[in-house]
Each structure stands twice: as structure tokens, then as C-alpha cells.
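Below is one structure, written out as C-alpha cells; the observations come after it.
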Ligand SMILES: [Zn+2]
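In our numbering, the protein residues as written are 90 to 172.
See the structure below:
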């Protein structure tokens, strides 16, 4: 069985094109994309979690969806403050 990988997608920005190993990494990627867009006066609509099993896109499990929605905020803020 192939590994699950995570990516983020938005109608305008499109797929981030990565195969993140964790949801948290995908979350940070989406945040970084949002930061970059904000600097140019826009915003990122890359808010959809894409889960792939090998090449195949699959539905996120409730746990995965939960993790994405919660976005590991504490860890994220700690990272951001350290920047
Ligand atoms: Zn990415």
C-alpha cells in the first residue's frame, strides 16, 4: 500500500504541487502561500486539503480533516514568532 501524501489546493492558486508527508507540513505550506500573497496585496485561496494515496486522490479521513481544520495553531504560532 502506498503512502498517503498531502497537498493544498485552491481554485485560483491551484495545487501547491508538493507531496507533503504530514498535514502540518501542508498547512505550513498553505500559510506560506498566504503570506506571500498578502505581501502582494492579495490572499491565497489554497484552503482545501488534498489527500493522495500514491497518484490517486482520496477523501480525507475525519481525523485528517480535523487536523487540517485545526491547523496545529499553537505550533504554527511558535514557528512564526521564531521567524
Ligand atoms: Zn506544498
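Just so you know, even glycine gets a beta-carbon here, dropped at the ideal spot from N, CA and C. Quantities reported herein were computed from a predicted structural model and do not represent experimental measurements.
What's the call for residue i, buried or exposed, on a 16-neighbour Cβ count within 10 Å?
i	result
residue 146	exposed
residue 91	exposed
residue 159	exposed
Determine whether the beta carbon atoms of residue i and residue j lie at a separation below 8 angstroms.
i	j	result
residue 115	residue 138	yes
residue 128	residue 97	no
residue 122	residue 105	yes
residue 133	residue 99	yes
residue 151	residue 157	no
residue 141	residue 94	yes
Quick one: what's residue i bridged to in DSSP?
i	result
residue 146	141
Using a Cβ-Cβ distance cut-off of 8 angstroms, determine whether residue i contacts chain B.
i	result
residue 99	Looking at the structure shown, chain B is missing, and only one protein chain is on hand.
Distance cut 7 angstroms, beta-carbon to ligand 1 heavy atom: residue list by chain order: Per the Cβ criterion, the list is 96, 97, 105, 106, 107, 109, 115, 118.
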